[in-house]
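S.K.:
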Amino acid sequence: MKICVFCSANQQIDPDFFTMTEELGKWMAENGHSLVYGGVNQGLMECVAKAAKEAGAMTIGVVPMKVEDTGRRSDYVDVEIPCDNLTDRKQLMMDQSDVFIALPGGLGTLDEIFTVAASATIGYHQKPVILYNMKGFWNNLFALLDDLQAKGMIRGDWRQYIKKADSIEEISQLL
Numbered sequence: 005m006k007i008c009v010f011c012s013a014n015q016q017i018d019p020d021f022f023t024m025t026e027e028l029g030k031w032m033a034e035n036g037h038s039l040v041y042g043g044v045n046q047g048l049m050e051c052v053a054k055a056a057k058e059a060g061a062m063t064i065g066v067v068p069m070k071v072e073d074t075g076r077r078s079d080y081v082d083v084e085i086p087c088d089n090l091t092d093r094k095q096l097m098m099d100q101s102d103v104f105i106a107l108p109g110g111l112g113t114l115d116e117i118f119t120v121a122a123s124a125t126i127g128y129h130q131k132p133v134i135l136y137n138m139k140g141f142w143n144n145l146f147a148l149l150d151d152l153q154a155k156g157m158i159r160g161d162w163r164q165y166i167k168k169a170d171s172i173e174e175i176s177q178l179l
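When you line the sequence shown up against my numbering, it's residues 5 to 179, in that order.
Here it is in structure tokens:
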């Protein structure tokens, strides 16, 4: 299975997130999965790619030209798919992937999560988004989604499109 991982490219975050991300990358390789990711050499992106590649997984980096231009392309990319911008990147990642796992991240990660989930709600695909809730990172987002649903802003149940996993074991069960 090709698993797309959305995550932070920042270094100055909780060190436990790096440990848990490394475990995920190794788990992906050990279970025969390939990694699709943003191809950046920083933060959790570099961590998951290094762990997956070193454990034997194929890594597919969808790399915007801006990343190439600034020298931030990861050395752990086996297959590079170049793109013009972040909008192209999200579409290429959706096309390449069977499932999406979001690790802790910021605005870019939120953009990716909601682009994929919104695309599923109107029938472009039936690929799940799993939020790996490391140390409760996504709890406030889950509360916001529940609030939006209670206010009638979300048709149906958002849990049809966005799944929660507190551990790699739960991710495995969802797959």
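Using N, Cα and C, we set each Cβ at its ideal position, and we do this for glycine too. Keep in mind it's a predicted model, so treat the numbers as computed, not measured.
1) Could you pull out every unbroken beta strand (DSSP E) segment of at least 3 residues lying fully inside the stretch 52-126, listed in chain order?
2) Taking valine 103 as the reference, give the member of Met138, Val120, Asp88 with the closest Cα.
3) Considering only residues of the same chain and omitting the five flanking positions on each side of valine 81, which have a CB-CB separation below 8 Å?
4) Could you tell me the alpha carbon to alpha carbon distance between phenylalanine 21 and asparagine 14, rounded to whole angstroms?
5) Between which residues of its own chain and alanine 59 is the CB-CB distance below 7 Å, once the five residues before and five after are set aside?
6) Going by DSSP, what residues sit across from leucine 135 in a beta bridge?
7) What are the boundary residues of the beta strand (DSSP E) that includes lysine 30?
8) Determine the direct distance from the alpha carbon of histidine 37 to that of alanine 56, and round the result to whole angstroms.
9) Between Val71, Gln130, Leu39, which has its C-alpha nearest lysine 6's C-alpha?
10) Mind the definition here: the stretch 126-141 touches the stretch 104-117 only if three or more C-beta pairs lie below 8 Å; say whether that holds.
11) Going by beta carbon distance, what residues of the same chain come within less than 6 Å of asparagine 45, once the five residues before and after it are set aside?
12) Quick one: grab the DSSP three-state call for leucine 39.
M.R.: The relevant details are as follows:
1) Unbroken beta strand (DSSP E) runs of no fewer than 3 residues, entirely contained in the stretch 52-126, are found at 63-68, 83-87, 103-106, following chain order.
2) Residue Val120 is the option with its Cα nearest to valine 103.
3) For valine 81, same chain residues with a beta-carbon under 8 Å away, outside a window of 5 residues either side, are Gly43, Ala53, Thr63, Ile64, Gly65, Val67 in chain order.
4) Their Cα atoms are separated by approximately 11 Å.
5) If we look at alanine 59 and ignore the five residues flanking it on each side, its Cβ neighbours are Gly29, Lys30, Ala33, Glu34.
6) Ala106, Lys168
7) Lysine 30 -> not in any beta strand (DSSP E); alpha helix (DSSP H) instead, spanning 19-34.
8) 9 Å
9) Leu39
10) Touching, per the Cβ criterion.
11) A distance below 6 Å between beta-carbons, with the five flanking residues on each side excluded, links asparagine 45 to the following residues of its chain, in chain order: Arg76, Ser78.
12) Looking at leucine 39 - three-state DSSP - the assignment turns out to be strand.
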